[in-house]
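For reference, the structure discussed in these notes is given below.
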């Protein structure tokens, strides 16, 4: 079945530091890949997505490239801010059988950015 | 454009009771997904509804059920509540799978506490 392995935190960085959160996946076929962010006490917000190999998703300074050869979708940001403190989830959407496209999530990475 | 809405925000029940959670999708979306986010268990897929029909369910007992109404809103019912049902329940909506984008957009969630 589909699975997502995500670097577990917590991760603590100083403001303006470089961020990488690793994510690898297992899936049949050609899944779509997503990063969602969850701020304290809130639901999930879509951060970025990529739907095919070599696509790069980007938003708010965050980037991730769909690498089929390494089955990875690592999240990066060149300079983090305190406001980026949140939990980040890597997810995939692929046919899990019977044409069902529910999301499969990693366990989440909690990021804390200190001034 | 209004996002996915969920009600109530918080729900407190006792063991053995029933809980009903509600979700309104983004206008134009026909698919509704339910996920459970329990402490230590991550995000797990519960149910998928599309065009009024249950299309798939995750690995949850039958006391988790629901329905989708003609206006595409959805209800999640949890019968015979157990302490371990305490979690954040997230609803997501998307266009019908296989038609257009497969991105799921999430609501703010309902926090269910079972005492």
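Chains as they are written, first to last, in our numbering: chain A, 1 to 115; chain B, 1001 to 1115.
Ideal Cβ placement from N, Cα and C applies to all residues, glycine included.
Indicate whether at least one CB of chain A lies closer than 7 Å to the CB of residue i.
i: residue 1100/B; result: Annotation note: pLDDT 45 at residue 1100/B (below 50); position unreliable, coordinate value reported separately. Residue 1100/B does not count as touching chain A.
i: residue 1033/B; result: yes
i: residue 1003/B; result: no
i: residue 1028/B; result: no
i: residue 1043/B; result: yes
i: residue 1090/B; result: yes
If I'm right that residue i touches residue j with Cβ under 8 Å, what's the distance once you round it to whole angstroms?
i: residue 12/A; j: residue 106/A; result: Actually they are not in contact, since the Cβ atoms of residue 12/A and residue 106/A sit about 19 Å apart, beyond 8 Å.
i: residue 50/A; j: residue 66/A; result: 4 Å
i: residue 1046/B; j: residue 1057/B; result: 7 Å
i: residue 1093/B; j: residue 1004/B; result: 5 Å
i: residue 1033/B; j: residue 1104/B; result: 6 Å
i: residue 1063/B; j: residue 1078/B; result: 6 Å
For the beta strand (DSSP E) that residue i lies in, which residues bound it at each end?
i: residue 1056/B; result: 1053 to 1057
i: residue 1037/B; result: 1031 to 1038
i: residue 84/A; result: No beta strand (DSSP E) contains residue 84/A, which DSSP labels as neither H nor E.
i: residue 1092/B; result: 1087 to 1094
i: residue 63/A; result: 62 to 65
i: residue 197/A; result: No answer is possible for residue 197/A: it lies beyond the span of chain A, which begins at 1 and ends at 115.
i: residue 54/A; result: Neither: residue 54/A is in no beta strand (DSSP E) and is coded neither H nor E.
i: residue 18/A; result: Here residue 18/A belongs to no beta strand (DSSP E), and DSSP marks it neither H nor E.
i: residue 1069/B; result: No beta strand (DSSP E) holds residue 1069/B; DSSP gives it neither H nor E.
i: residue 68/A; result: That residue, residue 68/A, is in no beta strand (DSSP E); it is neither H nor E in DSSP.
i: residue 1113/B; result: 1110 to 1114
i: residue 1044/B; result: 1042 to 1050
i: residue 34/A; result: 32 to 38
i: residue 1012/B; result: 1010 to 1013
Determine the contact status of residue i and residue j, defining contact as a CB-CB distance below 7 Å.
i: residue 1036/B; j: residue 1091/B; result: no
i: residue 1115/B; j: residue 1014/B; result: yes
i: residue 137/A; j: residue 103/A; result: Chain A is shown only over 1 to 115; residue 137/A falls outside these bounds and no answer can be derived.
i: residue 94/A; j: residue 77/A; result: no
i: residue 39/A; j: residue 1102/B; result: no
i: residue 43/A; j: residue 110/A; result: no
i: residue 1075/B; j: residue 1111/B; result: no
i: residue 15/A; j: residue 113/A; result: yes
i: residue 26/A; j: residue 3/A; result: yes
i: residue 19/A; j: residue 80/A; result: yes
i: residue 1052/B; j: residue 1068/B; result: yes
Using a Cβ-Cβ distance under 7 Å, would residue i count as near chain B?
i: residue 6/A; result: no
i: residue 1/A; result: no
i: residue 102/A; result: yes
i: residue 78/A; result: no
i: residue 29/A; result: no
i: residue 44/A; result: yes
i: residue 18/A; result: no
i: residue 11/A; result: no
i: residue 52/A; result: no
i: residue 115/A; result: no
i: residue 105/A; result: yes
i: residue 93/A; result: yes
i: residue 58/A; result: no
i: residue 85/A; result: no
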